[in-house]
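To start, the structure under review is shown below, and the notes come after it.
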Amino acid sequence: MKKLIAGALALAMALGLAACGTTSGSSQPASTGSSAAQSSAEPVVITAMIQQSRNFDGLQAMIQKLEEEENIIIDAQIVPDDEALNLIQMQLNSGEAPNIIDYNVPAIYDIVDPAQYFADMTGEEWTQKLLIPDNVVNSKDGKIYGFPFLSVPGTHGFIYNKDVFEAAGVTEEPATWQELLDACEKIKATGVTPIYMPRDSWVPQVLMTDNFAKILGADGCQDFADKVMRNEIKWTDVPEFAQVIDTYLDLYKKGYVNDNFASAVYDDAIAAVADGSAAMHFNGDFFAASVLQANPDANIGMFAVSMTDGVDVVTENMSSAGFVANKNSENLDTVKKVFNLWATPEYANLYFEDRPAFPAFEGVDGGPVPSNLENIYETYIQPGKAIPEFNYYVMDLNALYESTLYVYYVDAPARGNMDGAAILAQFQTDFEQFMKDQGAEGF
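Heads up: the sequence shown is residues 4 to 446, going by the numbering used here.
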């Protein structure tokens with residue numbers, strides 16, 4: 004398993020980098036079909052749900068191109084990130100879901116039954132262009148239900164404003180957790196927020212899924228996942244988990260996190276690092292692209308650090324931003340046409356124009372390797388020191404995480420009455436009930 008994961012990560016990065024250097028001129032552009040007959044016909048309208056943090060300019064450009072050249076209008080409902088999952092589940096259950104839905108692929112497969120709700124895209128034209136098809140295959144039935152944008156979704160680390168660091172006298176990127184705390188103390192003394200955290204429940208958990216993986220290692224994560232799903236071990240049996248959560252909570256206690264963390268949203272984090280009112284934020288490297296989009300002149304860097312001394316790896320998010328299609332959509336043929344178009348360089352290049360990254364499809368120009376990623380790439384990716392995040396090993400629990408554990412991470416700093424051990428004890432109860440409800444063997 005360890006060799007398989009390492010190989011997949013290496014291949015993903017190699018192919019992604021190769022795609023970054025590929026120009027759209029190497030492929031035949033898709034037919035736009037912008038004939039007089041089309042322009043005079045009634046437009047086809049596709050409904051969509053898109054998370055606010057992912058309504059990128061590049062995606063909007065793709066949507067505009069569809070309308071201008073294909074007479075296809077995307078009627079998008081833009082929703083706050085922290086409300087997206089509840090809205091998705093509610094609308095799917097009520098039979099009122101939009102034609103396409105923005106979420107992480109393949110993570111969505113473990114939250115919502117794809118065979119029941121999403122259109123099977125296996126064998127569609129665009130799937131033949133995927134650099135790494137296994138990234139979006141459903142492990143339970145071997146089918147593809149989701150359309151991805153990225154081949155290497157995201158490397159985790161602290162994205163920081165170099166000018167803020169310099170003004171506070173922090174001249175080197177922290178290499179240990181203690182050095183990170185020392186940097187926070189210096190930054191706090193200048194009146195700037197050291198670390199920005201929003202209330203969006205998916206954001207704080209990134210720090211935990213990163214450090215759970217680092218503290219156990221790839222083999223340890225797999226061993227724990229196998230045992231916990233058979234009820235051979237409890238979440239409370241691993242003291243390292245509580246240690247990671249307590250270290251996270253200490254950031255709030257020390258005053259290193261923004262005071263408005265209970266009300267701030269993800270876009271506020273982007274704006275704060277972009278304008279220098281906050282020094283850094285922990286997330287996937289895609290956050291840096293959002294910061295630079297908000298302020299192209301921002302001097303942004305990225306570094307990886309572990310809560311545990313002696314651990315020298317980075318973790319990867321194994322799910323890509325993308326779309327799934329409502330299997331009951333009356334416009335399913337048009338949706339498939341849209342996905343086929345979006346997989347071509349003519350469209351996909353627009354997605355990466357202002358946000359360089361590693362495309363999911365052959366022939367797409369993902370732009371140059373972002374400067375903030377160069378150090379991460381040379382230090383960790385190239386030498387093979389990258390492992391999947393912890394969530395990757397227990398993906399069947401994504402739905403449970405979203406409604407319980409992730410919420411506890413957000414609520415605990417505000418309430419101040421739960422430490423790591425208490426959070427895990429509560430989650431163990433949730434977990435056992437969830438597994439019983441699923442009819443899992445051993446529970």
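Where is the CB? At the ideal position from N, CA and C, for every residue including glycine.
Measuring alpha carbon to alpha carbon, tell me which residue in 167, 432 and 139 is nearest residue 284. The option with the nearest alpha carbon to residue 284 is 167.
Please report the Cβ distance between residue 104 and residue 130, rounded to the nearest whole angstrom; I am assuming they are in contact, meaning their Cβ atoms lie under 8 Å. The C-beta separation of residue 104 from residue 130 comes to about 18 Å, leaving the pair out of contact by the 8 Å criterion.
Where does residue 329 land, buried or exposed, given buried means 16+ other C-beta within 10 angstroms? buried
Quick check: the segment 82-101 against the segment 185-205, are at least 3 beta-carbon pairs closer than 8 Å? yes
Going straight from the alpha carbon of residue 454 to that of residue 158, what length do you get? Residue 454 lies beyond the stretch modelled for the chain, which goes from 4 to 446, so this question has no answer here.
Every unbroken beta strand (DSSP E) within the segment 321-393, with a cutoff of 3 residues, ordered by chain: 323-328 and 389-391
May I ask which residues mark the beginning and end of the alpha helix (DSSP H) holding residue 54? Unbroken run through residue 54 is the beta strand (DSSP E), 47-54; no alpha helix (DSSP H).
C-alpha gap between residue 128 and residue 351, whole angstroms: 15 Å
Any beta carbon of chain B sitting closer than 8 Å to that of residue 353? Considering every chain present, this structure includes no chain B. It has just one protein chain.
Sequence-distant residues of its chain with Cβ nearer than 8 Å to residue 431 (five each side left out): Cβ neighbours of residue 431 beyond the five flanking positions: 237, 238 and 239.
Closest to residue 110 by CA distance: which of 429, 397, 342 and 132 is it? Distances from the CA of residue 110 to each of 429, 397, 342 and 132 were compared; the closest alpha carbon is that of 397.
Could you tell me the alpha carbon to alpha carbon distance between residue 248 and residue 77, rounded to whole angstroms? 41 Å
Quick check on the burial criterion: 16 or more other C-beta atoms within 10 angstroms. Buried or exposed for residue 207? buried
By Cβ distance below 7 Å, which residues in the same chain neighbour residue 92 in space, the five residues on each side in sequence not counted? These residues qualify, in order along the chain: 115.
Please look up how many angstroms separate the CB atoms of residue 297 and residue 273, rounded, as I've assumed it's under 8 Å. 5 Å
With 16 other CB atoms within 10 Å as the buried threshold, where does residue 149 fall? buried
Quick check on residue 154: buried or exposed, where buried means 16 or more other Cβ atoms within 10 Å of its Cβ? buried
If you draw a straight line from the C-alpha of residue 179 to the C-alpha of residue 66, how long is it? 44 Å
For residue 433 and residue 193, what's the separation of their Cα atoms in angstroms? 42 Å
DSSP state of residue 408 mapped onto helix, strand, coil: Residue 408 falls in the helix class under three-state DSSP.
Just reading off the beta strand (DSSP E) that residue 106 is part of, what are its end residues? 103-108
Measure the C-alpha to C-alpha separation of residue 437 and residue 446 and round it to an integer number of angstroms. 10 Å
Extent of the continuous beta strand (DSSP E) run through residue 281: 281-287
Proximity below 8 Å, CB of residue 404 to CB of residue 429: no
Same chain, Cβ closer than 7 Å to residue 358, neighbours up to 5 away in sequence not counted: 59, 61, 292 and 296
Local Cβ density within 10 Å of residue 73, reported as buried at 16 or more and exposed below that: buried
Among the residues of its own chain, which have a CB less than 8 Å from the CB of residue 258, if the five just before and after it don't count? 191
Residue interval of the beta strand (DSSP E) (run including residue 250): In this chain, residue 250 is not harboured by any beta strand (DSSP E); it is covered by the alpha helix (DSSP H) spanning 242-256.
Beta-carbon gap between residue 108 and residue 325 smaller than 8 Å: yes
Near residue 5, which residues of its chain fall below 7 Å by C-beta distance, leaving aside the five closest residues on each side in sequence? With a pLDDT of 42 at residue 5, under the threshold of 50, the predicted position of this residue should be treated as unreliable, and no value is reported.
Select from 89, 113 and 46 the residue whose C-alpha is nearest the C-alpha of residue 71. 46
Pick from 106, 80 and 119 that is closest to residue 96, judged by C-alpha positions: For residue 96, the closest of 106, 80 and 119 by C-alpha to C-alpha distance is 119.
Short check: CB of residue 375 to CB of residue 276, under 8 Å? no
Taking the alpha-carbon positions, what's the residue 101 to residue 189 distance? 48 Å
By a C-beta neighbour count over all protein chains shown, 10 Å radius and 16 as the cutoff for buried, is residue 362 buried or exposed? buried
Are the beta-carbon atoms of residue 309 and residue 388 separated by less than 8 Å? Between residue 309 and residue 388, the CB-CB gap reaches or exceeds 8 Å.
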